[in-house]
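Novice:
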Amino acid sequence: MPYLARRVGQALVVLALAFTVTFVLLQALPGDAILIKFESPELGLSPEQIADIRASYGADVPAWQQYLHTVSGFLVGDFGYSVQYGTPVHELLAAALPETLALAGLGFLVAVLIAVSVAFLSTLAPFAWLRQALRSLPGVFVSVPVFWLGIVLIQVFSFQLKLVPVIGADPVQSLILPVLTLAIPISAPLAQVLARSIDDVALSPFVAVVRAKGAGPARVLWRDVARNALLPTITIAGVLIGELIGGAVVTETVFGRAGVGRLTEQAVANQDVAVLQAIVILAAVVFVVVNLAVDLVYPVLDPRLKRKAVAA
Amino acid sequence: MTAPLLAIEHLDVAYRAASGPRRVVHDVSFDVQPGEVVALVGESGSGKTTTSSAVLGLLPGGGLVEAGAIRLSGVDLAGWSDRRLQSVRGARIGYIPQDPVSSLNPVRPIGVQLADAFRIHGRGDRRDIRARVLDLLDRVGLDDPALRAKQYPHELSGGMRQRVLIASAVALEPELVIADEPTSALDVTVQRRILDLIDVLRREHGTAVLLVTHDLGVAAERAERVVVMQHGGIVEQGSTAAVLDAPAEAYTRQLLADAPGLGEHEFRHPRPPLYLRDASVAAAENPFALEASGLVKEFSLGRGREPFRAVDDVSFTVLRGTTHAIVGESGSGKTTTARIVARFVTPDAGEVALGGEPVRALAGAAKRVFRRRVQLVYQNPFASLDPRQSVQEIIAEPLRNFGIGDRRSRAASARQLIDRVSLPAALATQRPGELSGGQRQRVAIARALALEPELVILDEAVSALDVTVQARILELLEQLQGELGLSYLFISHDLSVVARLSHSVSVMRRGRIVEGGATEQVFGAPQHDYTRELLEAVPRRAAADARGASDRPSASSPASPASPASPARSTRKALA
Numbered sequence: 254m255p256y257l258a259r260r261v262g263q264a265l266v267v268l269a270l271a272f273t274v275t276f277v278l279l280q281a282l283p284g285d286a287i288l289i290k291f292e293s294p295e296l297g298l299s300p301e302q303i304a305d306i307r308a309s310y311g312a313d314v315p316a317w318q319q320y321l322h323t324v325s326g327f328l329v330g331d332f333g334y335s336v337q338y339g340t341p342v343h344e345l346l347a348a349a350l351p352e353t354l355a356l357a358g359l360g361f362l363v364a365v366l367i368a369v370s371v372a373f374l375s376t377l378a379p380f381a382w383l384r385q386a387l388r389s390l391p392g393v394f395v396s397v398p399v400f401w402l403g404i405v406l407i408q409v410f411s412f413q414l415k416l417v418p419v420i421g422a423d424p425v426q427s428l429i430l431p432v433l434t435l436a437i438p439i440s441a442p443l444a445q446v447l448a449r450s451i452d453d454v455a456l457s458p459f460v461a462v463v464r465a466k467g468a469g470p471a472r473v474l475w476r477d478v479a480r481n482a483l484l485p486t487i488t489i490a491g492v493l494i495g496e497l498i499g500g501a502v503v504t505e506t507v508f509g510r511a512g513v514g515r516l517t518e519q520a521v522a523n524q525d526v527a528v529l530q531a532i533v534i535l536a537a538v539v540f541v542v543v544n545l546a547v548d549l550v551y552p553v554l555d556p557r558l559k560r561k562a563v564a565a
Numbered sequence: 035m036t037a038p039l040l041a042i043e044h045l046d047v048a049y050r051a052a053s054g055p056r057r058v059v060h061d062v063s064f065d066v067q068p069g070e071v072v073a074l075v076g077e078s079g080s081g082k083t084t085t086s087s088a089v090l091g092l093l094p095g096g097g098l099v100e101a102g103a104i105r106l107s108g109v110d111l112a113g114w115s116d117r118r119l120q121s122v123r124g125a126r127i128g129y130i131p132q133d134p135v136s137s138l139n140p141v142r143p144i145g146v147q148l149a150d151a152f153r154i155h156g157r158g159d160r161r162d163i164r165a166r167v168l169d170l171l172d173r174v175g176l177d178d179p180a181l182r183a184k185q186y187p188h189e190l191s192g193g194m195r196q197r198v199l200i201a202s203a204v205a206l207e208p209e210l211v212i213a214d215e216p217t218s219a220l221d222v223t224v225q226r227r228i229l230d231l232i233d234v235l236r237r238e239h240g241t242a243v244l245l246v247t248h249d250l251g252v253a254a255e256r257a258e259r260v261v262v263m264q265h266g267g268i269v270e271q272g273s274t275a276a277v278l279d280a281p282a283e284a285y286t287r288q289l290l291a292d293a294p295g296l297g298e299h300e301f302r303h304p305r306p307p308l309y310l311r312d313a314s315v316a317a318a319e320n321p322f323a324l325e326a327s328g329l330v331k332e333f334s335l336g337r338g339r340e341p342f343r344a345v346d347d348v349s350f351t352v353l354r355g356t357t358h359a360i361v362g363e364s365g366s367g368k369t370t371t372a373r374i375v376a377r378f379v380t381p382d383a384g385e386v387a388l389g390g391e392p393v394r395a396l397a398g399a400a401k402r403v404f405r406r407r408v409q410l411v412y413q414n415p416f417a418s419l420d421p422r423q424s425v426q427e428i429i430a431e432p433l434r435n436f437g438i439g440d441r442r443s444r445a446a447s448a449r450q451l452i453d454r455v456s457l458p459a460a461l462a463t464q465r466p467g468e469l470s471g472g473q474r475q476r477v478a479i480a481r482a483l484a485l486e487p488e489l490v491i492l493d494e495a496v497s498a499l500d501v502t503v504q505a506r507i508l509e510l511l512e513q514l515q516g517e518l519g520l521s522y523l524f525i526s527h528d529l530s531v532v533a534r535l536s537h538s539v540s541v542m543r544r545g546r547i548v549e550g551g552a553t554e555q556v557f558g559a560p561q562h563d564y565t566r567e568l569l570e571a572v573p574r575r576a577a578a579d580a581r582g583a584s585d586r587p588s589a590s591s592p593a594s595p596a597s598p599a600s601p602a603r604s605t606r607k608a609l610a
């Protein structure tokens, strides 16, 4: 399948570019993680000792050699060592990743559920005022900042309603508020696009034909409109994965969860270049894989694209 | 007389608008007897589609039946809820839409969509439904029903899709079928077969048909009674023969006069304009505005496949000051030919000469000068005008692009052109959104004339217009040709319009010119079978008299030419 091969090739090019750009940017930053950590007068290290440490991290060779070294390391799964913790980066990631995956995965799922419910209900709800209210919901959601939403949710659900304990919550309970915090802002653009596409598709002549066969509104929506309206929504969903990654960082910080988000935040604060390089590539891989998946799902949803996919 | 199947009594329909309800149909009354074909005829905006939608209870958002009754076998449906109407739709009233391309769900297979009608009304189990779907596909003349059922709409040609939609409309053997312009989007030969099919099916089951159409030829050929609508009201109604042969109302007479019937206008004779008839001048000047010879254009269909030859060795000439038409059905290559002439497409072989000067090799600045000499008018005046510019800006734009004159002289030219195409001067400051379709097409023509071109390519330039508007635009084009000595290359699928406007004609089919010459000669004594088939397929009033004999099996010629993308097999199956 040449189409698939080409798309995978493109994905690899994107990853290579992301890697290089990140590397250059991190190199160009003023300051140096090793100097930040070891140069403080309290440690009393001599310049020679610091130079030794730098050499052990490979920071004393020219940038292009570091680049080649890092690339070859990444290719075999060796992401280097964190300056801040002194441990291999892959161990840090392995510890942080499950938390974040659970948060991001659930957050995305909940976002999709909210978006689909809002969009469908705002089309099918019995009263015009209710449809109108549901339609305006995403507009409100989309303008809510993640950090603010997190704080408000804690305030309302934990302190006032006392539904979710702030401290000592079990793993499931502790996920509820972060997942909502992450899901709500992402659900908004999804719901908007889905509702808009439903409106557009509902005006197509084929919908009139189905109604003329005697189909009721729910049947028309499920069987005929939904699948056509999904296509633009899925495109947006792919793009929103980026939003999800950014949202996870803020959410983990607000809720004090130990995940990739917090690891990122600390790595930025300490200029832990190796950790940042690995996280950026991880995010890029997720982004590229999801969007590749979206592209491959299109022809399944819309048979008209099959021919193009094969011919392209 | 038996009780009518459908009785519409004093129907008023209005749309809610900010300024209060706007009435679009008022005091409309007519009957449809069981098994009868009634044509609802009118131009766009006459309320004919609104009336038929009201019968189905499918008025667009904001539409409301304000008064009157819609009786189906005596029961008034006008006050029924949507839910209650669902039991009638599909089961007792079938619906055939206008545009087969957009009227099937693109993401569901044909068979599943056909099965809908049975499932919605709970008729039959799974296997039973499948058998009936295949039987339906067979009955509407599709070969290999089992394969068709699995295919998606985009894999079928327009005519085949319309057959599927007809199958779906008659699936539950309704008493009444509403056909809303069922063939307006189809080629004439396909149109004829589709109308034959509707005839055959309705005879089998005694189904009545409410045929909504703007085409008097179709109405005359197929309907027993005609209801003429204008501005939301009925102008006159009666038996087809009575209304069309002896119209009582001025509007009906106007419609009939404007309908571009074949053989009702004198053919135009191709001859050089007056000044060229002076032998000495003629010798010095090239008599041809355009000469195309041996044009070939192929499109690649991907690796390992034969390229599709859209234009295959096409040659024709346009005499100065005359109209040459290229007529053909969709997929015949006529539009690609026009695009080659306009230099939007580079031919793989062949040469185009404008005023005796070869243009194939033109590039850069020379190509830009060439653009001044050839201008285009497109089919859809709604899409071809920038909605944000005023009429004056639109007409002056070509002048602006070529830096001709200053702001004031350009504005003056635009005003002159507005006058030239018989538009009121007050229109200059308006935007296309405020104009009617006919006015917009006049603006498009004025824009094409701004650069004083030698050749104007009219690409289906009157196809989207109502007959009365179409007649006025054709008059304008003729008048401009006489005044300015313009040469037209007229691309059209409509033989009646071609007969009216063109001096000479080329008939195209599958990329080739099958016949060409003076219009009178080609249409009067066609030499090629395809030309004869095209001419016979044109619905016309004369055919109304021979209606009894019209349900003969369709000619054994192939269906519409397969599009390059989906090499659909032609349906050769006899329909009866």
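Going line by line, the protein sequences match chains W and D. In terms of my numbering, the first sequence has 361 at position 108, counting the first letter as 1, and numbering is strictly consecutive. In terms of my numbering, the second sequence has 485 at position 451, counting the first letter as 1, and numbering is strictly consecutive. Every residue gets a Cβ at the ideal spot worked out from N, C-alpha and C, and that includes glycine.
1. Please classify Gln67 of chain D: does DSSP put it in a helix, a strand, or coil?
2. Below 7 angstroms CB to CB, which residues in the same chain sit around Thr370 of chain D once its five sequence neighbours on both sides are set aside?
3. Anything in chain W within Cβ reach of Ile154 of chain D, meaning under 9 angstroms, just list it in chain order.
4. Can you tell me whether Ser447 of chain D is buried or exposed? The criterion is at least 16 other CB atoms within 10 Å of its CB, across all chains shown.
5. Between the beta-carbon of Phe327 of chain W and the beta-carbon of Leu430 of chain W, is there less than 8 angstroms?
6. Considering Cα atoms alone, identify which of W:Gly311, W:Thr506, W:Phe332, W:Val543 is closest to Ile487 of chain W.
7. Between Gly241 of chain D and the rest of its own chain, which residues show a CB-CB distance below 8 angstroms, the 5 nearest in sequence each way excluded?
8. Who are the neighbours of Arg480 of chain W on chain D, taking C-beta pairs under 7 angstroms?
9. Please report whether the beta-carbon of Leu90 of chain D lies at a distance below 8 angstroms from any beta-carbon of chain W.
10. Tell whether a beta-carbon distance below 8 angstroms holds between Thr247 of chain D and Val262 of chain D.
11. Between Gly389 of chain D and chain W, is the shortest Cβ-Cβ distance under 8 angstroms, so that the two count as touching?
12. Put Tyr186 of chain D into one of helix, strand or coil per three-state DSSP.
13. Near Ala589 of chain D, what residues of its chain come up, given a Cβ to Cβ distance below 7 angstroms and the 5 sequence neighbours on each side ignored?
14. So Ser136 of chain D contacts chain W; which residues on that side make the cut at Cβ distance below 7 angstroms?
15. Alpha carbon to alpha carbon, how far is Gly96 of chain D from Ile367 of chain W? Give it in angstroms, no decimals.
16. On a CA-only basis, which of D:Gln225, D:Glu509, D:Ser334, D:Val277 is nearest Asp528 of chain D? Give me that one, please.
17. Between which two residues does the beta strand (DSSP E) harbouring Asp172 of chain D extend?
18. Is the number of C-beta pairs between the stretch 92 to 107 of chain D and the stretch 141 to 153 of chain D that are closer than 8 angstroms three or more?
19. Beta carbon of Val361 of chain D, beta carbon of Met194 of chain D: below 8 angstroms?
20. Can you find a CB in chain D that lies within less than 8 angstroms of the CB of Pro485 of chain W?
21. For the beta strand (DSSP E) that His358 of chain D lies in, which residues bound it at each end?
22. Since Leu554 of chain W meets chain D, which of its residues come closer than 8 angstroms, beta carbon to beta carbon?
23. Quick one: does Gly124 of chain D have its CB under 8 angstroms from some CB of chain W?
24. Mind pulling the chain D residues with CB within less than 7 angstroms of Asp477 of chain W?
25. Just to confirm before moving on: does the CB-CB distance between Ser335 of chain W and Asp525 of chain W stay below 8 angstroms?
26. Out of curiosity, what's the CA-to-CA distance linking Glu554 of chain D and Gln264 of chain D?
27. Any chance you could list the alpha helix (DSSP H) runs of at least 4 consecutive residues sitting entirely within the stretch 362 to 437 of chain W, in chain order?
28. Measure the beta-carbon distance from Gly390 of chain D to Asn435 of chain D and round it to whole angstroms, keeping in mind my assumption that it falls under 8 angstroms.
29. Rounded to whole angstroms, what's the CA-CA distance from Ala276 of chain D to Leu419 of chain D? Just pull it up for me.
30. Identify, in the order they occur along the chain, each residue of the same chain with its Cβ nearer than 7 angstroms to the Cβ of Phe342 of chain D, setting aside the five sequence neighbours on each side.
31. Buried or exposed: where does Lys82 of chain D fall if 16 or more other Cβ atoms within 10 Å of its Cβ makes it buried?
32. Using the Cα positions of Arg153 of chain D and Arg161 of chain D, report the straight-line distance between them to the nearest angstrom.
33. Under the rule that 16 or more other beta-carbon atoms within 10 Å means buried, what is Leu310 of chain D, buried or exposed?
34. Unbroken alpha helix (DSSP H) runs of length 4 or more, entirely within the stretch 460 to 503 of chain D: which are they?
35. For Val109 of chain D, which beta-bridge partners are listed by DSSP?
36. Distance cutoff 8 angstroms, beta carbons only. Does Arg557 of chain W sit that close to anything in chain D?
Specialist: Quick answer:
1. Taking the first residue of the second sequence as 1, we reach residue 67 of chain D at position 33. The answer is coil: DSSP assigns Gln67 of chain D none of H, G, I, E or B.
2. Looking up residue 370 of chain D in the second sequence gives position 336. For Thr370 of chain D, where only same-chain residues beyond five positions count, the Cβ hits under 7 angstroms are Lys331, Ala344, Val345, Val379.
3. Position 120 of the second sequence holds residue 154 of chain D. Within chain W, the residues near Ile154 of chain D are Val463, Lys466, Gly467, Ala468, Gly469, Arg472.
4. As a first step, residue 447 of chain D is located in the second sequence; it is residue number 413 there, counting from the start. Label assigned to Ser447 of chain D: buried.
5. Working through the first sequence from its first residue, we reach residue 327 of chain W at position 74. Working through the first sequence from its first residue, we reach residue 430 of chain W at position 177. Cβ atoms of Phe327 of chain W and Leu430 of chain W: not closer than 8 angstroms.
6. Residue 487 of chain W sits at position 234 when you count from the first residue of the first sequence. Of the candidates W:Gly311, W:Thr506, W:Phe332, W:Val543, the one whose C-alpha sits nearest the C-alpha of Ile487 of chain W is W:Val543.
7. Working through the second sequence from its first residue, we reach residue 241 of chain D at position 207. Here residue 241 of chain D is Thr; the residue named in the question, Gly, does not match the sequence. Once the five neighbours on either side are set aside, the close Cβ partners of Thr241 of chain D are Gly69, Gly128, Val204, Glu207, Pro208, Glu209, Leu210, Val211, Leu235.
8. Indexing the first sequence from 1 puts residue 480 of chain W at position 227. Near Arg480 of chain W (Cβ distances below 7 angstroms), the residues of chain D are Val141.
9. On the second sequence, position 56 is the one that residue 90 of chain D refers to. For Leu90 of chain D, the answer is yes, since a Cβ of chain W falls inside 8 angstroms of its Cβ.
10. Working through the second sequence from its first residue, we reach residue 247 of chain D at position 213. Working through the second sequence from its first residue, we reach residue 262 of chain D at position 228. It is not a contact, given that the beta carbons lie outside the stated cut-off.
11. For this step, residue 389 of chain D is matched to residue 355 along the second sequence. So no, Gly389 of chain D is outside the interface.
12. As a working mapping, residue 186 of chain D is identified with position 152 in the second sequence. Coil at Tyr186 of chain D, not helix or strand.
13. In the second sequence, counting from the first residue as 1, residue 589 of chain D sits at position 555. The predicted position of Ala589 of chain D is uncertain, since its pLDDT is 37 and thus under 50; no value can be drawn from it.
14. Sequence index remark: in the second sequence, residue 136 of chain D carries index 102 (1-based). Residues of chain W passing the Cβ test: Ser457, Pro458, Phe459.
15. For the purposes of this step, residue 367 of chain W is taken as the residue at position 114 of the first sequence. For the purposes of this step, residue 96 of chain D is taken as the residue at position 62 of the second sequence. Spanning the two alpha carbons is a distance of roughly 30 angstroms.
16. For the purposes of this step, residue 528 of chain D is identified with residue 494 of the second sequence, where counting begins at 1. Per the Cα distances, D:Gln225.
17. Indexing the second sequence from 1 puts residue 172 of chain D at position 138. Taken as a continuous stretch (DSSP letters only), Asp172 of chain D belongs to no beta strand (DSSP E), being part of the alpha helix (DSSP H) at 160 to 173.
18. Counting Cβ pairs under 8 angstroms, fewer than three are found: no touch.
19. Counting from one through the second sequence, the residue named residue 361 of chain D turns up at place 327. Counting from one through the second sequence, the residue named residue 194 of chain D turns up at place 160. Taking 8 angstroms as the Cβ cut-off, Val361 of chain D and Met194 of chain D do not qualify as a contacting pair.
20. Sequence index remark: in the first sequence, residue 485 of chain W carries index 232 (1-based). No, Pro485 of chain W lies away from the interface with chain D (no Cβ there is under 8 angstroms from its Cβ).
21. Counted from its first residue, the second sequence places residue 358 of chain D at position 324. Counting along the chain, His358 of chain D sits inside the beta strand (DSSP E) bounded by residues 357 to 361.
22. For the purposes of this step, residue 554 of chain W is identified with residue 301 of the first sequence, where counting begins at 1. Here the neighbours are Val141.
23. Looking up residue 124 of chain D in the second sequence gives position 90. Contacts with chain W at 8 angstroms (Cβ-Cβ) include Gly124 of chain D.
24. The count along the first sequence starts at 1 and reaches residue 477 of chain W at position 224. The contacting residues are Asn139.
25. Along the first sequence, read from residue 1 onward, the residue named residue 335 of chain W stands at position 82. Along the first sequence, read from residue 1 onward, the residue named residue 525 of chain W stands at position 272. Cβ atoms of Ser335 of chain W and Asp525 of chain W: closer than 8 angstroms.
26. Stepping through the second sequence from its first residue, residue 554 of chain D is reached at position 520. Stepping through the second sequence from its first residue, residue 264 of chain D is reached at position 230. When rounded, the separation of the alpha-carbon atoms in Glu554 of chain D and Gln264 of chain D is 35 angstroms.
27. Listed in chain order, the complete alpha helix (DSSP H) runs (minimum 4 residues) inside the stretch 362 to 437 of chain W are 381 to 395, 399 to 406.
28. As a working note, residue 390 of chain D is residue 356 in the second sequence. As a working note, residue 435 of chain D is residue 401 in the second sequence. At roughly 26 angstroms, the Cβ-Cβ gap does not stay under 8 angstroms, so Gly390 of chain D and Asn435 of chain D are not in contact.
29. Against the second sequence, residue 276 of chain D aligns to sequence position 242. Against the second sequence, residue 419 of chain D aligns to sequence position 385. Computed Cα separation, rounded: 42 angstroms.
30. Start at 1 with the first residue of the second sequence, and residue 342 of chain D comes out as number 308. Cβ within range, chain order: Glu332, Phe333, Leu335, Pro598.
31. Within the second sequence, numbered from 1, the residue matching residue 82 of chain D stands at position 48. Buried: at least 16 other Cβ atoms inside 10 Å.
32. For this step, residue 153 of chain D is matched to residue 119 along the second sequence. For this step, residue 161 of chain D is matched to residue 127 along the second sequence. One Cα belongs to Arg153 of chain D, the other to Arg161 of chain D, and the distance between them is close to 12 angstroms.
33. Counted from its first residue, the second sequence places residue 310 of chain D at position 276. With a pLDDT of 47 at Leu310 of chain D, under the threshold of 50, the modelled position of that residue is not reliable, and the figure given next carries that caveat. With 16 or more Cβ atoms within 10 Å of its Cβ, Leu310 of chain D is classed as buried.
34. 471 to 483
35. The residue you call residue 109 of chain D lines up with position 75 of the second sequence. In DSSP, Val109 of chain D forms a bridge with D:Leu106.
36. Within the first sequence, numbered from 1, the residue matching residue 557 of chain W stands at position 304. Yes, Arg557 of chain W lies at the interface with chain D (some Cβ there is under 8 angstroms from its Cβ).
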